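Beneath this line is the structure, given in structure tokens, with notes to follow.
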């Protein structure tokens, strides 16, 4: 399965059941409360039963993802960051050594090719910091490869369509 | 004008390790402490005007700053105090490598650069989930006191601390820590190790 996760509506045509598109701005997703319930009480399940519980299983089951997010302080802005924080049930509490560093063990999370499309104000070193962030995500979110694309907000539909077309090649 | 105001950006602020770190820092009486909550952003923005230094205490979350803190910074950007305090950071992550905090610290530095705040000191803590309940608590307490001294003297600096353990030993210790954590909830190590996602575990 392949997944498009966006923090804003996109005008794109999806063909085939193997691609899922989720507009996070339409979902009700509360902040992670840091309770560790998904690790130590109901492992693999978030105790907050809102729309996030429909999304993180899709992230885990995807071998390719496109994340579209506004950039803020060199990171994901609120909508995408809230979802990514709520996705920690896909990991275990337990720690392993990965690429010489300590990281959480992943549950059934497919290795994935990730394309991160960032838009918004890119001033003041935001791009370089965002690229460093995604390189950290690669360790903790099981990206076997990744690309970061910076785009104007008005170009997003076209950029996403181009990336989806590559999936079809 | 007071000296240091501490804001806790942990999503579980009242029960957080960040609060425990802040308490060690606050042995000095010239500090004021607040949890960042969804409903108190503007109040906290107003309070900043009375302090020369702001210490933000928070955990690493998904490789960056927690949404709780991100949303507060966005409010602060729109509601800056008339005189801006120097911003220092105390950050902890559960990983052994304190450097895994670097990107999140640089996000705060970028906020400061974009909004005209001077960045002060930073203390990066590795193994931060468990270090306060380990024999190495004295190491982190010592570094927090150094952080406090650097801020109070305006001799800002970068500090770090983690458990002085080989990586494999740390992994074994963290496995024991989390196994005990689960046991208190009646969940076994095997149940915590499930590879299933969104599936009820039968007890």
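Residue numbers (the working numbering), protein chains in the order written: chain A, 1 to 169; chain B, 1001 to 1203.
Where a beta carbon is used, it is the ideal one built from N, C-alpha and C, also for glycine.
All values reported here derive from a predicted model rather than from experimental measurement.
Checklist entry - In the structure shown, what three-state DSSP assignment does residue 169 of chain A receive? => result coil
Checklist entry - Can you tell which of B:1004, B:1087, B:1019 has the C-alpha that lies nearest to the C-alpha of residue 1059 of chain B? => result B:1019
Checklist entry - Skipping 5 residues on each side, what residues in its chain have a beta carbon closer than 7 Å to that of residue 25 of chain A? => result 7, 8, 9, 79
Checklist entry - So, is residue 1155 of chain B buried or exposed, given that buried needs 16 or more other C-beta atoms within 10 angstroms? => result exposed
Next on the checklist: Output needed in chain order: residues of the region 1054-1065 of chain B with a Cβ under 9 Å from some Cβ in chain A.
Outcome noted: 1059, 1061, 1062, 1063, 1064, 1065
Checklist entry - For the region 1079-1131 of chain B, which segments carrying the beta strand (DSSP E) assignment without a break, of at least 3 residues, lie completely within its bounds, in sequence order? => result 1086-1092, 1119-1125
Checklist entry - Taking the Cβ atom as the reference point for each residue, do residue 1108 of chain B and residue 1065 of chain B lie within a distance shorter than 8 Å? => result yes
Checklist entry - chain A partners of residue 1182 of chain B, CB-CB under 7 Å? => result 40
Checklist entry - Name the chain B residues whose beta carbon is nearer than 9 Å to that of residue 94 of chain A? => result 1171, 1174, 1175, 1178, 1179, 1189, 1192, 1193
Next on the checklist: Can you look up residue 1135 of chain B in the DSSP assignment and give me helix, strand or coil?
Outcome noted: coil
Checklist entry - In chain C, what lies closer than 7 Å to residue 125 of chain A by C-beta? => result Absent from the structure is chain C; the protein chains it does hold are A and B.
Checklist entry - At least one CB of chain B closer than 8 Å to the CB of residue 72 of chain A: is that the case? => result yes
Checklist entry - Going along chain B in order, which residues have a C-beta closer than 9 Å to the C-beta of residue 99 of chain A? => result Result: empty, since nearest Cβ-Cβ is about 11 Å, beyond 9 Å.
Checklist entry - Looking at C-beta atoms only, is the number of pairs between the region 1112-1123 of chain B and the region 1078-1086 of chain B that lie closer than 8 Å three or more? => result yes
Checklist entry - Does DSSP classify residue 1056 of chain B as helix, strand or coil? => result strand
Next on the checklist: Strictly by DSSP, which residues pair up with residue 96 of chain A?
Outcome noted: A:103
Checklist entry - Do you know how far the Cα of residue 92 of chain A is from the Cα of residue 1159 of chain B? => result 30 Å
Next on the checklist: Considering Cα atoms alone, identify which of A:133, A:164, A:48 is closest to residue 1106 of chain B.
Outcome noted: A:133
Checklist entry - Once you ignore the five residues that flank residue 156 of chain A on each side, which residues in its own chain have a CB closer than 7 Å to its CB? => result 10, 68, 117, 119
Checklist entry - Using DSSP with H/G/I as helix, E/B as strand and the rest coil, what is residue 139 of chain A? => result helix
Checklist entry - Closer than 9 Å, Cβ to any Cβ of chain B: which residues of the region 139-161 of chain A, in chain order? => result 139, 140, 141
Next on the checklist: Taking a contact to mean a Cβ-Cβ separation below 8 Å, would you say residue 1021 of chain B touches residue 1070 of chain B in this structure?
Outcome noted: no
Checklist entry - How is residue 171 of chain A classed by DSSP in three states: helix, strand or coil? => result Since the displayed chain A opens at 1 and closes at 169, residue 171 of chain A lies outside it and no answer follows.
Next on the checklist: Let me check understanding here. Comparing Cα to Cα, which of A:107, A:121, A:1, A:35 lies closest to residue 153 of chain A?
Outcome noted: A:121
Item to check | Partners in chain B for residue 174 of chain A, counting only beta-carbon separations shorter than 9 Å | outcome: Chain A is shown from 1 up to 169; residue 174 of chain A falls before or after that span and cannot be answered.
Checklist entry - What number of angstroms, rounded off, separates the C-alpha of residue 1213 of chain B from the C-alpha of residue 34 of chain A? => result Any question about residue 1213 of chain B goes unanswered here, given that chain B covers just 1001 to 1203.
Checklist entry - Assuming residue 941 of chain B and residue 85 of chain A make a contact with CB atoms under 8 Å, what is their CB distance in whole Å? => result Given a span of 1001 to 1203 for chain B in the structure shown, any question on residue 941 of chain B remains unanswerable.
Item to check | Test item: CB-CB of residue 95 of chain A and residue 1174 of chain B under 8 Å | outcome: yes
Checklist entry - With which residues is residue 45 of chain A paired in a DSSP beta bridge? => result Note: residue 45 of chain A sits in no beta bridge, so no partner.
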